[in-house]
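The structure under discussion appears below in the form of structure tokens.
Number of protein chains: 4
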Amino acid sequence: MDDSVKHACGLFGVYGHRDAARLTYLGLYSLQHRGEEAAGIVTFDGKTMHTHKGMGLVSEVFNESTLRGLPGRMALGHTRYSTTGSSTLKNSQPLVVTCAKGPLAVAHNGNLVNAFTLRQQLEAAGSIFQTTVDSEIILHLLARATNAQFDQDLAECLQLLKGAFTLLFLTERGLIGCRDPNGFRPLCIGRLNRAYVLASETCALDIIGAKLVREVEPGEVVFIGADGLRSLHPVRDSSPRLSQCLFEHVYFARPDSQIFGESVQAVRTRLGRQLAREYPVEADLVMPIPDSGNFAALGYSLESQIPFVMGMIRNHYVGRTFIQPAQEIRDLKVRVKFNPIKEIIEGKRLVIVDDSIVRGTTTKARVKSLRESGARAIHLRVSCPPTKFSCFYGIDFPTRKELIANTRSLEDIRQFLGVESLGYLSLEGLLKAVGKPATYCTACWSGTYPVPFGEEGDKYALEKHSGQGKC
Amino acid sequence: MDDSVKHACGLFGVYGHRDAARLTYLGLYSLQHRGEEAAGIVTFDGKTMHTHKGMGLVSEVFNESTLRGLPGRMALGHTRYSTTGSSTLKNSQPLVVTCAKGPLAVAHNGNLVNAFTLRQQLEAAGSIFQTTVDSEIILHLLARATNAQFDQDLAECLQLLKGAFTLLFLTERGLIGCRDPNGFRPLCIGRLNRAYVLASETCALDIIGAKLVREVEPGEVVFIGADGLRSLHPVRDSSPRLSQCLFEHVYFARPDSQIFGESVQAVRTRLGRQLAREYPVEADLVMPIPDSGNFAALGYSLESQIPFVMGMIRNHYVGRTFIQPAQEIRDLKVRVKFNPIKEIIEGKRLVIVDDSIVRGTTTKARVKSLRESGARAIHLRVSCPPTKFSCFYGIDFPTRKELIANTRSLEDIRQFLGVESLGYLSLEGLLKAVGKPATYCTACWSGTYPVPFGEEGDKYALEKHSGQGKC
Amino acid sequence: MDDSVKHACGLFGVYGHRDAARLTYLGLYSLQHRGEEAAGIVTFDGKTMHTHKGMGLVSEVFNESTLRGLPGRMALGHTRYSTTGSSTLKNSQPLVVTCAKGPLAVAHNGNLVNAFTLRQQLEAAGSIFQTTVDSEIILHLLARATNAQFDQDLAECLQLLKGAFTLLFLTERGLIGCRDPNGFRPLCIGRLNRAYVLASETCALDIIGAKLVREVEPGEVVFIGADGLRSLHPVRDSSPRLSQCLFEHVYFARPDSQIFGESVQAVRTRLGRQLAREYPVEADLVMPIPDSGNFAALGYSLESQIPFVMGMIRNHYVGRTFIQPAQEIRDLKVRVKFNPIKEIIEGKRLVIVDDSIVRGTTTKARVKSLRESGARAIHLRVSCPPTKFSCFYGIDFPTRKELIANTRSLEDIRQFLGVESLGYLSLEGLLKAVGKPATYCTACWSGTYPVPFGEEGDKYALEKHSGQGKC
Amino acid sequence: MDDSVKHACGLFGVYGHRDAARLTYLGLYSLQHRGEEAAGIVTFDGKTMHTHKGMGLVSEVFNESTLRGLPGRMALGHTRYSTTGSSTLKNSQPLVVTCAKGPLAVAHNGNLVNAFTLRQQLEAAGSIFQTTVDSEIILHLLARATNAQFDQDLAECLQLLKGAFTLLFLTERGLIGCRDPNGFRPLCIGRLNRAYVLASETCALDIIGAKLVREVEPGEVVFIGADGLRSLHPVRDSSPRLSQCLFEHVYFARPDSQIFGESVQAVRTRLGRQLAREYPVEADLVMPIPDSGNFAALGYSLESQIPFVMGMIRNHYVGRTFIQPAQEIRDLKVRVKFNPIKEIIEGKRLVIVDDSIVRGTTTKARVKSLRESGARAIHLRVSCPPTKFSCFYGIDFPTRKELIANTRSLEDIRQFLGVESLGYLSLEGLLKAVGKPATYCTACWSGTYPVPFGEEGDKYALEKHSGQGKC
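Chains as they are written, first to last, in the working numbering: chain A, 5 to 475; chain B, 5 to 475; chain C, 5 to 475; chain D, 5 to 475.
Next comes the structure, spelled out in structure tokens:
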């Protein structure tokens, strides 16, 4: 896909390990793809919360010295995307506050659809806001709850939230993880000897050698403390339909992760096989847009028996600080990141497999670049249906009018991209690739939104209010 | 004095000037002596608050680019001391929040004696705290006030505060300045053509060419907005005894400032004259500890007719990042900052004038250094009484047990310092040097605290709570 | 391969383009794999040489502002590996000096085997050295040459050099490129409209849309100036046997480049095919060590008809600043970079294809990691022969005693790595994969060194002299 | 004076102390006034030269970590002024090279009048230049000398130099200091227990507690090594007239230093006294332009019996990074640095004492600022004669046409500055203030240049050649 989809977050927490900060650092490293623009770790050493946050990659934000400044046997980490600029450091997570319940840290992945309403209610009740992230709303709600038990406070707070929220909390007592009842975003539980780990994806368990125990269930809250792991389902009775994000399998999650009970690479390979069944074509080579199309392309190749090649080289050094070339060489931008290999492509009929198309402009440029390298025919295959609807649950697609599939017919898109044929995987085909199709959200393709929200503007209300993004 | 006293803050605000941020930058430059460890500016451009804060000197925190990012015709700036370390950036001011009253920024100079109580009450009512500065408490109180008018909200908030608070607020409507009813810390009003300026000291008016209008009165609130300046005295009825900080005249304020209705250099010169009357001595030369003792030394010289010399050179390049020499040359630390001129000192009987003595260790080292340069006799004169009591109103003296005058007799101190004679200005003499002696606080010398506070711990409660300083 | 081989350099030059610095920046971007630790660009604007160099990646060293500070229509750029630490900035290239011939800049890829001798001769003649790079020796020789023509000076200088030297010079007159008579390191000529480009690899032409004209021939000097391109063969008569670096094809060069007249990916695919012929095995899957083993693995798969999979995910965010985990989790280092996908690997018999093995320790750790993921059998295939000999021509292998193939038998290595079978491509097989086998250097495998050098110490003499690396 | 004179350097060297780098760091701290834009230290640990240099103040360039990286018992340090911009880091000193004589470091204070000629000769002989500092020329000459002994090489080299050169060398054998036969720039010898110290001024001995042994004599070379201190006078026979820089006493040197056998503050006080004799006036107060006019003002006050005041406060926080205020407030620049105290000045007849006047524009602005503060009359007294001639021996005055005294009559200057009266000290008066008037250079006032130089351009030839300054 192109670079338009920028919104996700990675969560990682540890309880009960003397190297808690370092494990969290490693965990965030492997979750870097879920958020490249800010990172933060909070630890609790029995007396004090220690925090280090910064803009940039995990490897840029932390070093030996900052990790040494994060003592304690429990830790919480977060990676995020956000608008560029140092001024947004204040919006980076985890967010740490002190309240009557003691020190509290929280990290959030997802998007509340009632954030604006909740914030207005809180402001009306005298709350002040120093950031524009949903996490601050959640902390206010938690701090204002006045039940006998913290469990009840948390339950009360979670019942007020609508939308997508996978949350990690760090308190004086331990680490808490929860997923909204719909289960939009993933969260898994791991063990490393006697320590517990919570992570957005299993690849973060692998990096530290932790074993996967299970996923946190939708609607579940797990408390991890001195007494081990305790589970609650405070919002179970609302029993909503499960709606896990299928786009995580299509694009977001790392292929070596397991999420929602399935291996991401296996799902992607099946998507490619199904795509080959739905859109077969006579061609010489199957090649992916690297790296997001890799497994679907392999699947297409396996099913179609058309040989798989790696006909484009991706330059992994291209970072966030890329400098624009001068006007005259502006259209070479695509080549900076992907270089087609002429010797492979020339004279060949290609099946190009991409995970999705958002705006279409980047895809068009890549097609042009392949054409210039001598491709005889280009058959584009996309491993999900046309992306026509915005996401209100944590994925930051462009606005609807920027989504090419929302404004153009398939034939229009084919012509715009300049390909011989174009095949988007059908929704039915997509759902065949996963084990329990009924448990997924397909809103960005189907327009069927599992959690209702107010007017369209609701989603951007908070950002507009202050010109900041959320996660 | 030595370097033990590190606590003060500088405030500067502008309303109605297209160069608001730049003027504030210049103003903070001239208030740098009130806080060297962090600086911040907030502007409002009619729609959005823009903030830039950082650790370090004003010249390090701001540059052309950051100033360009601060548009608007109203601005608020703050310089502060704080514990070192980037982690305390979050405690830097101005503090900016959004609440039901819209965006609000505040900067504070002083110390609330009921901060801990207020914060506990707020936490009990569900407030969350992201910093440990008094400013956050004030913003919570303001946001929770529910009167018909903002004026009343502010009045209600100010009436809850006890202790020293000179405050600047920036709202969507304009700039607000207030001083506590005791008037502990200074604040003056200036005009630059049609713009209004508020500043801790008049030297900040001079730098931008603004004219002094008057000081903000103790207990007064000035609202500066589209309709000009409007004054309220919301807490006038409590009519406390005025208790302006006399230590500002003795040490803190810049000599070229006017504060509390008097020229600082003139007061200091009178302190020196009075010191000469109280402690005359036969000597060859009068010399100051530069630069804080300069004017008192000139006064002593004028009164005693003993010639004034500058017998020590101060190295102004010595910054905050000074590297400790190895053990062997450790006691040379004093020489890095002050170098006595042997040719002047050798064989001479000296009167050394310093503004105050806190711990005494630095003074002792300086005396040693003068002795090694050949001084025949050293008569130390201090332009205030023995500093025996902690300050709870915004000056961060060491703890009482570290104050040499609290634990030793004058003769003990003289012997400890190694001087032929030691003369501290009397409290009566000190009060003679100012026009309205009854309007000053003398607590650090007399122990008479004008605003009561709870147990001793009250002052440090908040800091202990979180290991952070305040201003 | 593992990370032991760190020595290479990337060269890029432009003549006759108003965006010379920007093109060079882009070119260096695509040559980043040839040197990640320092980068530099020099431009000449008709009057002055402008230089910007720094430690770090190209994207870190340059930004809009530094590029704007590099005006001119001719430019020279360099990326390099070097010892870490800012102190080695002085050793970064291009090196720029002024001499009787005017300002001169030079960038070098390769290694002189007579550097120490030349430097001793120059020092004896009164030369002073400010760096330890070969480039400085070359500039001294050039400056001391006293022929009637610059061409002759350059010829005289080049005839004194022994070993591997691909050089780019920038003078007031234009850009000069040369390759040593053996042709150890690659250099190609491209055109972008009317501008000329010289680059280490063709991928750097692709990124700016330049067309490949041809390669600079071994022993050739090309002068590019106002009169176009002029070619000389000043050292042709020495007519040495060609000895282009075959390791460039095996590992160094980017797969999308053409060097030494061949497509790198095509060579690598053929290496994989040949490997399958030499070391067939019954297995379920073929997978590469990503990314260096990708094309050889594809070739092996094509030849053996065993399905190709991507069973390890490489984390591309792992940068140079990776922080070591604590002792307890030290052996997880390998997982930080490569994560095996259990779902793919479990229960399978794998053919793992890597480009080469140097020390063997990293390979051993990867094998262990695959075994822990449940691999039933691991058959390691290496797409070059055992690396037994040091390189004296610009590739910085570890010392001979660190090369595992130099100290252990194949069976020993197999046991050490813990694999079921181990197959190194034969030298004959390797040479079959390239079009003109006689034109390549195979010294690191065969021990047959095409350019003689003195004692073993010769290579490291200069570095030992000063503890610095060269390129 | 105003800020136009920016050219000087500070030298410091240590032999035989285990804290050599740290002592050098402290020494450079106290020589910071001789060069604020770059600093560097080189140490030798018996095997290797270790160097750390950077742009900025000594406190910015060095920290604990960089000092730890400078082991060894001998060290050489340098502070310099230079054109701003990181690109000039390469011109910072000490310069370190390797040559047939081993590793050599050199630091230079002064200006060679035959630098351009020497460099042309060296280039013609095949030398290459990487910087534009005189030091590199000196190292080339030294490296090319081929006598039996290093002493002879050094003597040969020094005999070729014309102009001002105080040099420190660090070799494998020890520390070497030399002054040109005219003795333009100062250099003194100190001892700290068994270690030797060489420093530009005695204030650098004071800071580390070293004792002054004596000054290095004009034309003398001192070798400090394992055998102690050895002295040579290799260029004695040329026996030039001594011409020590009198401007060091007037402005450059620190008042607490002794140079050329005299106490700087004592000389300055005598200058003030003499000024009072030459230009008496009826006035109320004498005040200096702080801090450079302090001692002359005290002298004027003592002689005239007009009371001394400090009527301007200098803001020492004003660093090199000062941001220009917007156009409207541009003329406030002077106030940022100096704030006149209205309460002191208003209605008074002032004698203002400054050390010198160069361009006159800054002085004019200060006079205006004093006038706005209510001064009734301003009598300007300058403690040296009119500065009419450029310096070719190391002080970087503006060009002759920018020197106000060169282009205007005294009455013109008085009117330009806007003062009631103007008195420049006479040359005779100036010379009376020093013990041995015949040993001084007075070229900048008299135009009598003790060392001849070619055309005017000679001085700037090297800089023009490359756009760089020297020291």
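All residues carry an ideal CB built from backbone N, CA and C; glycine is no exception.
9 Å Cβ cutoff, residue i in contact with chain B
i: L99(A); result: yes
i: E347(A); result: no
i: H56(D); result: no
i: C161(A); result: no
Neighbour flag for residue i against chain A, beta carbons, 9 Å
i: G130(B); result: yes
i: T47(B); result: no
i: V18(C); result: no
i: I151(C); result: Correcting the residue type first, residue 151(C) is Asn in the shown sequence and not Ile. False, the Cβ-Cβ gap to chain A never drops below 9 Å.
Beta carbon proximity, residue i to chain C, threshold 9 Å
i: T367(D); result: no
i: R148(D); result: yes
i: D260(A); result: yes
Beta-bridge pairing of residue i - partner residues as DSSP gives them
i: I356(B); result: M291(B), L384(B)
i: M314(A); result: Beta-bridge pairing links M314(A) to no other residue.
i: F227(D); result: I180(D), R234(D)
i: Q156(B); result: None; Q156(B) has no bridge partner.
i: K215(A); result: R195(A)
i: S425(C); result: H383(C)
Short CB-CB distance (under 9 Å) between residue i and chain D
i: G213(B); result: yes
i: L171(C); result: no
i: H320(B); result: yes
i: T121(C); result: no
i: L108(C); result: yes
Supposed close pair residue i, residue j - CB separation, criterion 8 Å
i: V117(A); j: V340(A); result: Their Cβ separation, rounded to whole angstroms, is 38 Å, which puts V117(A) and V340(A) out of contact at 8 Å.
i: I408(A); j: G364(A); result: 4 Å
i: V217(B); j: R195(B); result: 6 Å
i: G265(C); j: F299(C); result: Wrong, their Cβ atoms sit about 18 Å apart, outside the cutoff.
i: C103(D); j: A147(D); result: 4 Å
i: S413(A); j: T403(A); result: Contact doesn't hold; Cβ gap of about 20 Å is too wide.
i: L35(C); j: F16(C); result: 6 Å
i: G39(B); j: A12(B); result: 6 Å
- Taking only runs that begin and end inside the stretch 180 to 207 of chain B, name each unbroken beta strand (DSSP E) of 3 or more residues, in chain order. As far as the stretch 180 to 207 of chain B is concerned, its whole beta strand (DSSP E) runs of at least 3 residues are 192 to 196, 199 to 203.
- Per the contact definition of three or more C-beta pairs closer than 8 Å, is the stretch 63 to 72 of chain D in contact with the stretch 105 to 116 of chain D? no
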